[in-house]
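Peer 1: For any residue, its number in this note's numbering is found by taking its place in the sequence shown, counting from 1, and adding 552. We put the beta carbon where it would ideally sit given N, CA and C, even for glycine. None of the values given here were measured: they were computed from a predicted structure.
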Amino acid sequence: MQPRDRLTTKEIQVATLVWQGLTNRDIAGVLGTSEQVVKNYLRTAFDKLGVWTRLELALYVASHGGASWHLELGLSPLPHGSDWQGRRTPGVPIPDGKGKAASAARGT
Numbered sequence: 553m554q555p556r557d558r559l560t561t562k563e564i565q566v567a568t569l570v571w572q573g574l575t576n577r578d579i580a581g582v583l584g585t586s587e588q589v590v591k592n593y594l595r596t597a598f599d600k601l602g603v604w605t606r607l608e609l610a611l612y613v614a615s616h617g618g619a620s621w622h623l624e625l626g627l628s629p630l631p632h633g634s635d636w637q638g639r640r641t642p643g644v645p646i647p648d649g650k651g652k653a654a655s656a657a658r659g660t
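#1: Could you tell me whether the stretch 590–600 touches the stretch 555–565, where touching means 3 or more Cβ pairs closer than 8 Å?
#2: Please list the segments of the beta strand (DSSP E) lying wholly inside the stretch 566–625, counting only runs of 3 or more residues, in order along the chain.
#3: What three-state label does DSSP hand Thr561 in the structure shown?
#4: For Thr585, which of Val566, Thr605, Arg595, Thr596 has the nearest alpha-carbon?
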């Protein structure tokens with residue numbers, strides 16, 4: 553069993569969105585929850601995967617299939633651009649979804 557197999561569906565979604573470069577606020581908007589709940593998902597995902605930072609989490613997702621990781625686990629596709637754009641911070645560009653690891657380090 554791989555460490556990622558221990559993640560819940562929400563933890564997988566949050567990890568994938570971190571890999572896509574979204575902030576906690578953006579992720580909360582996509583999932584329809586609060587930033588604190590997103591932080592809780594991140595904390596448990598960090599523990600289960602043995603990582604310490606968002607960057608390490610993004611690198612873990614990237615090294616285990618990136619975008620296909622989410623789909624390989626049988627989950628429905630995540631919303632993109634127009635589905636959550638209105639909830640973003642004004643003036644902040646929308647991530648391109650290519651999983652730029654450096655952008656993952658920005659979010660808190």
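Peer 2: So, from the data block:
#1: With the cut-off at 8 Å, the stretch 590–600 and the stretch 555–565 touch.
#2: DSSP runs (the beta strand (DSSP E)) wholly in the stretch 566–625: none.
#3: Helix at Thr561.
#4: In this structure, Val566 is the residue among Val566, Thr605, Arg595, Thr596 with its C-alpha nearest to the C-alpha of Thr585.
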